[in-house]
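> Take this structure first; my questions come after.
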Amino acid sequence: MPENATFDASTQVFDWTPSEDQKGTHSVKFNVTDEEGANDSMTVSITVTDSSSDTSSTSGGSSGGGGGGGSQTTGEAYENIEFKDYTLKPVVKDRETMFEFSREDNSIISVSFTTSINGGQTKTIIEVLKDTSTLVKSAPSGKVYRNLNIWVGDGKLIPRLISDAQIVFKVEKSWIESRGVDADSIKLLRYSGSSWTQLPTSQTGENDEYFFYVAETPGFSPFAISSITEEITSVEASEEKTESVSGGSDVKKSVDEKAEPESNVATQEEKSSTFIWVTLVLAGVVFIGLLGYRNKEYCEECYERVRSRVSNHDGKRYRRIKR
């Protein structure tokens, strides 16, 4: 194996970060023996080039191993990239993985997260940009210190498989002083879906040259380090699922608040309608009762007439003689 390279037999992860003097092509042979004693081997060729060209490649490796830091196209316009910085690390299930960056002009110090799958050898790329990313539709808010893209792996580490993701970054004190902004106003913004979202950001320390910060993120995409005086919220589609979404609950709440009075009005109208019907029914009952009472008196009078006729069976009319 190359110098400084390691292989963890328990996780079957090969880890190697080439140094500047290791440019060229290196061959690494892997041997495996199963429980029955059968042997097999594979030779992988790893080509190391200058980091600024970002064209390291591997060949002959298994597709399940995640590659060894091959070239990767991100979609950002080439003319907008000031420089790229990247780190290779093995990603192991349920273990925190931290990618650290030592380049002085890179504002990102580290990227860390935990995944629910074995990602194998994984490459994390920082693209420091000259201006707003060409992958977004709008510029970030506030006084922008740095525009950048952060890409992790080849796309298989989707947001729902990542947890506890954090980005540690730094901002020059000279920039903060020259812009007249407060160090506490520095936030990390992330573009996802179609809008920018302000990430939870806190200051962790400082030295003579920099203020240091850490931000929590649900995923990786275009970012901006900016001085924000007001909190930014946005409505996004679920990322991922499960990526995530801010501001949607506020919108739903406002709709519910407007709907509630309408519900009360409907209830009052329903109660009023019920009262009217009950009143009409009672009035009808009283009317029928009065009508029945009057008919009863009339029927009694008719009954007496009929009875008197029946009792006078000869059909003659008799005049009562007054004495």
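Counting in UniProt numbering, the sequence shown runs from 1 upward without gaps.
Beta carbons are placed, not taken as given, at the ideal position from N, Cα and C, and that holds for glycine.
Run through the stretch 143-191 for me and flag every whole beta strand (DSSP E) of 3 or more residues, listed as ranges in chain order.
143-152, 162-172
> Pull up the DSSP beta-bridge partners for M98, would you.
By one-based count along the sequence shown, residue 98 stands at place 98. According to DSSP, M98 bridges with S112.
> CA-CA distance, S112 and Y78?
For the purposes of this step, residue 112 is identified with residue 112 of the sequence shown, where counting begins at 1. For the purposes of this step, residue 78 is identified with residue 78 of the sequence shown, where counting begins at 1. So the alpha carbons of these two residues sit roughly 26 Å apart.
> Can you look up A215 in the DSSP assignment and give me helix, strand or coil?
The count along the sequence shown starts at 1 and reaches residue 215 at position 215. Residue state, collapsed to three classes: strand.
> Buried or exposed: which applies to V265, given that a residue is buried once 16 or more other Cβ atoms fall within 10 Å of its Cβ?
By one-based count along the sequence shown, residue 265 stands at place 265. Caution applies to V265, whose pLDDT of 47 falls short of 50 and renders its modelled position unreliable; the model cannot decide the point.
> What's the call for T229, buried or exposed, on a 16-neighbour Cβ count within 10 Å?
The residue given as residue 229 occupies position 229 in the sequence shown. Around the C-beta of T229, fewer than 16 other C-beta atoms lie within 10 Å, and the residue is accordingly described as exposed.
> Excluding the five sequence neighbours on either side, which residues of its own chain have a C-beta within less than 8 Å of the C-beta of N149, listed in chain order?
Against the sequence shown, residue 149 aligns to sequence position 149. For N149, where only same-chain residues beyond five positions count, the Cβ hits under 8 Å are T74, E76, I125, I126, E127, L129, S133, L135, S221, P222, F223.
> State the DSSP-derived secondary structure class of D50, mapped to helix, strand or coil.
For the purposes of this step, residue 50 is taken as residue 50 along the sequence shown, with counting starting at 1. D50 falls in the coil class under three-state DSSP.
> Buried or exposed: L282, going by 16 or more other Cβ atoms within 10 Å of its Cβ?
On the sequence shown, position 282 is the one that residue 282 refers to. It counts as exposed.
> When you compare the CB positions of S185 and S227, do they come within less than 8 Å of one another, or not?
Along the sequence shown, read from residue 1 onward, the residue named residue 185 stands at position 185. Along the sequence shown, read from residue 1 onward, the residue named residue 227 stands at position 227. Against a cut-off of 8 Å, the Cβ pair of S227 and S185 comes out as a contact.
> Just confirm the distance between the C-beta atoms of K84 and F99, as a whole number of angstroms; I'd bet it's less than 8 Å.
Translated into the one-based positions of the sequence shown, residue 84 becomes position 84. Translated into the one-based positions of the sequence shown, residue 99 becomes position 99. Contact doesn't hold; Cβ gap of about 14 Å is too wide.
> When we look at the beta-carbon of L280 and count the other beta-carbons within 10 Å, is it buried (16 or more) or exposed?
Counting from one through the sequence shown, the residue named residue 280 turns up at place 280. L280 comes out exposed.
> Could you compute how far the alpha carbon of residue 325 sits from the alpha carbon of I108?
Since the first and last residues shown for the chain are 1 and 323, residue 325 lies out of range.
> With a CB to CB cut of under 6 Å and the five nearest residues on each side skipped, what residues in its chain are close to L161?
Position 161 of the sequence shown, counting from 1, holds the residue named residue 161. Cβ neighbours of L161 beyond the five flanking positions: T115, S116, I117.
> State yes or no: is the C-beta of E172 within less than 8 Å of the C-beta of E209?
Against the sequence shown, residue 172 aligns to sequence position 172. Against the sequence shown, residue 209 aligns to sequence position 209. Cβ atoms of E172 and E209: closer than 8 Å.
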